[in-house]
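Its first residue numbered 29, the sequence shown is counted upward by one per residue in this note's numbering.
Beta carbons are placed, not taken as given, at the ideal position from N, Cα and C, and that holds for glycine.
Please read these numbers as outputs of a predicted model, since none were measured by experiment.
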Amino acid sequence: MTAEKHLNASPNPLVKAWVEEMSSLCEPASVYWCDGSEEESVRLTELAVRTGALEPLNQAKLPGCYFHRSHEDDVARTEHLTFICTPQKEDVGPTNNWMEPSEAYAKLREIFKGSMAGRTLYVVPFVMGPAGSPFSKVGVQVTDSVYVVLNMRIMTRMGNIAWQTLGESNDFTRCLHGLADLDVNRRYICHFPQDNTIWSVGSGYGGNALLGKKCLALRIASYLGKHEGWLAEHMLILGLEDPAGNVTYVAAAFPSACGKTNLAMLIPPESQSRYRVWTVGDDIAWMRVGEDGRLWAVNPEAGFFGVAPGTSYKSNPNAMRTIQKNSIYTNVAKKPDGTVWWEGMDEEPPAEALDWRGKTWTPASPSKAAHPNARFTAPAAQCPSISREWQNPRGVPISAIVFGSRRSRLAPLVYESKNWQHGTFIGSSMASETTAAAQGPTGVTRRDPMAMLPFCGYHVGDYFQNWLTVGKRLQHAPKIFHVNWFRRDQNGDFLWPGFGENIRVLRWIVERTKGAAGAVDSTIGYLPAPGAIDLSGLNLPSSAAAQLLAVDREGWLQEVAEIEEFYGKIGDRLPAALRQELNDLKDRLKSHE
Ligand code: SAT
Ligand code: MN
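What follows is the structure in structure tokens.
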């Protein structure tokens, strides 16, 4: 593994020059160019085991599976340490942290300087998007974390395919990542959209470190999408197959840890078994206007980085089956037999285990065995419900877009927007309760437009405008919906059973896109007509059904006031059309006294 041996791995002189520059900054002992081969994966996994970055799990029960424990204060994305670096502060808008690019480069250069002494710098070439797709983008990540390399190998198309895709072009995202001393006070995740560059230091975790994911496929890609006329969204993509065998594609945005993976892999209950859900993606959608005037989507990723706690054979059997082999488990609990456990796995808690910190845990322990944001990394191809179309370079045509939030009150189970502009308004003004996917308090309601609050790489007002502009180019625009599985009753219990039963709501959504299924007009949009959602066999009390679809006028007027406050922060880059939608909503609510 000498620098010499691998320096010719990329035929692209621009890549070579950039890697040399990064290497002279970080001063690693050696440079290793990844080729993405199976043989390489075996070798790097062995190395990771030798150095302690990975522990092998029980290879008879979980073949090819490994376990990783991250640093105790490096277990989730750190939004307050994430920056968009543009020359003008105004360009990042009110929802992003800003740093001036030369200041950011200087600050991070200080931390990177010599930080890889005695270590290996891995060059990880990768493609986001299916091979040969016009959607796809190339990135090159250099990193000193072998755990990151092995995760990138699952999450992206990694290796020589990237050099073939890139050719002699300069069109690649330059991703520099280093663990440095994992000091939270020297942790920065900086994006330089104008330079197509990402520098991340001081974290080895998920969205902070796997730079193809949130950093490239959302923050940088959303900026590219603005300039190139497409959408990069925090959305799952699924196909719903009806009993006649027709598949309708739906893209759905939910904030992190709100059930995107579960919805994307849904298995209908027995009573709905004539329907089937096919998984195209569980986290990110890149969407373009096709020549046919429809919206086409690809999943830029090749794997799932899913939340483990709560995942069980009951809540998500497809995910459980996906992660039985060739997967990396991060911050879960480890059982004495070398298998894994987490809260909500729906299996007897082990009498004794090692918790995510590596300490002995028993069911009597006051703390959780797995970190609430513990994760699995698994190849998408292993998913039993993976769609036949998931690697189609053309993508899949989207008939419905769904915005989903986690709200104990107010937002009904489902409603439909009147048109693209109204749907954009609904997405732009959505709010959700925070989860363990990001550091900070959980359960706090915050505006999270299109579930992109932490991921929009430029001014949120311009982002809304891009939605409206893309919509104008769509001759056959998808219908836009809002869902909320998380509404609670006065006792704090969930009103809706969720999980597999969500198929009933998906069916209504898909039927609406075909002009079927009944709806009634309301002040906030179209609600399902009584009986339009199939509730047979659910045993849902009729009061729950009514509560799920209730529009609480007082609550919505309060909501309007909060949206006004949020819109106020956006300032004059807020599209006038959205302000108009807000005023119209307010008028409708007021006139219904
Ligand atoms: O840590 S990640 O950003 O990759 C996962 C998530 O928060 O959605
Ligand atoms: Mn996500």
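Item: Residue 192: first and last residue of the uninterrupted alpha helix (DSSP H) it sits in; Value: 188-194
Item: Span separating the alpha-carbon of residue 7 from that of residue 135; Value: This structure cannot speak to residue 7, because the chain is shown only from 29 to 621.
Item: Nearest to residue 628 (by Cα), restricted to the options 596, 448 and 434; Value: Because the chain is modelled from 29 through 621, residue 628 falls outside the range shown and cannot be assessed.
Item: Cβ-based neighbour list, residue 414, same chain, cut-off 7 Å, excluding 5 preceding and 5 following; Value: 307 and 408
Item: Separation of residue 59 from residue 43, as counted between CA atoms; Value: 13 Å
Item: Proximity test, Cβ basis, 9 Å: residue 337 and chain C; Value: Protein chains in the displayed structure number just one, and chain C is not present.
Item: Spatial distance of residue 57 from residue 104 (CA atoms); Value: 29 Å
Item: Any 3 or more C-beta pairs closer than 8 Å across the region 475-484 and the region 247-265; Value: yes
Item: Reference residue 92, options 554, 354, 68 and 458, closest by Cα; Value: 354
Item: Nearest-angstrom Cα separation, counted from residue 351 out to residue 496; Value: 39 Å
Item: Where residue 535 falls: helix, strand or coil (DSSP); Value: helix
Item: Residues near residue 369 by beta carbon distance below 8 Å, same chain, minus five either side; Value: 360, 361, 362, 363, 375, 377, 378, 381, 397 and 398
Item: Nearest-angstrom Cα separation, counted from residue 227 out to residue 212; Value: 15 Å
Item: Unbroken alpha helix (DSSP H) run spanning residue 64, endpoints; Value: Counting along the chain, residue 64 falls outside any alpha helix (DSSP H), and DSSP gives it neither H nor E.
Item: Under 6 Å, CB to nearest heavy atom of ligand 2: contacting residues; Value: 262, 284 and 311
Item: Beta-carbon spacing of residue 421, residue 158 below 9 Å; Value: yes
Item: Residues that DSSP places opposite residue 504 in a beta bridge; Value: 322
Item: Other residues of its chain near residue 472: CB distance less than 6 Å, five sequence neighbours each side excluded; Value: 462
Item: Check: residue 105 C-beta below 8 Å from any heavy atom of ligand 4; Value: Annotation note on ligand 4: not contained in the displayed structure, which lists ligand 1 and ligand 2 as its ligands.
Item: Selection from 570, 494 and 45 that minimises the alpha carbon distance to residue 202; Value: 45
Item: Top-ranked residue by Cα proximity to residue 122, from 601, 77 and 614; Value: 601
Item: Local Cβ density within 10 Å of residue 33, reported as buried at 16 or more and exposed below that; Value: Unreliable positioning characterises residue 33 in this predicted model, as indicated by a pLDDT of 45, which lies under 50. A coordinate reading is not provided.
Item: Which listed residue (552, 272 and 588) has its alpha carbon closest to that of residue 579; Value: 552
Item: Same chain only: Cβ atoms within 7 Å of residue 565, ignoring 5 sequence neighbours per side; Value: 299
Item: Same chain, Cβ closer than 8 Å to residue 590, five either side skipped, listed in chain order; Value: 459 and 475
Item: The region 485-494 / the region 244-257 touching (three or more Cβ pairs under 8 Å); Value: yes
Item: Secondary structure, beta strand (DSSP E): runs of 3+ residues fully inside the region 342-428; Value: 356-358 and 403-407
Item: Between the CA atoms of residue 516 and residue 436 - distance to the nearest angstrom; Value: 5 Å
Item: Any non-hydrogen atom of ligand 1 within 8 Å of residue 233 CB; Value: yes
Item: Residues that residue 265 bridges to, as DSSP identifies them; Value: 279 and 309
Item: Supposed contact pair residue 287 and residue 337 - C-beta distance, whole angstroms, cut 8 Å; Value: The Cβ separation is near 12 Å, so there is no contact.
Item: Counterpart residues of residue 259 in DSSP-defined beta bridges; Value: 315
Item: DSSP state of residue 613 mapped onto helix, strand, coil; Value: helix
Item: Boundaries (first-last residue) of the beta strand (DSSP E) holding residue 598; Value: No beta strand (DSSP E) holds residue 598; the alpha helix (DSSP H) holding it covers 581-598.
Item: Residue 130 classed as buried or exposed, judged by whether at least 16 other C-beta atoms fall within 10 angstroms; Value: exposed
Item: Cα-Cα separation between residue 197 and residue 39, rounded to whole angstroms; Value: 11 Å
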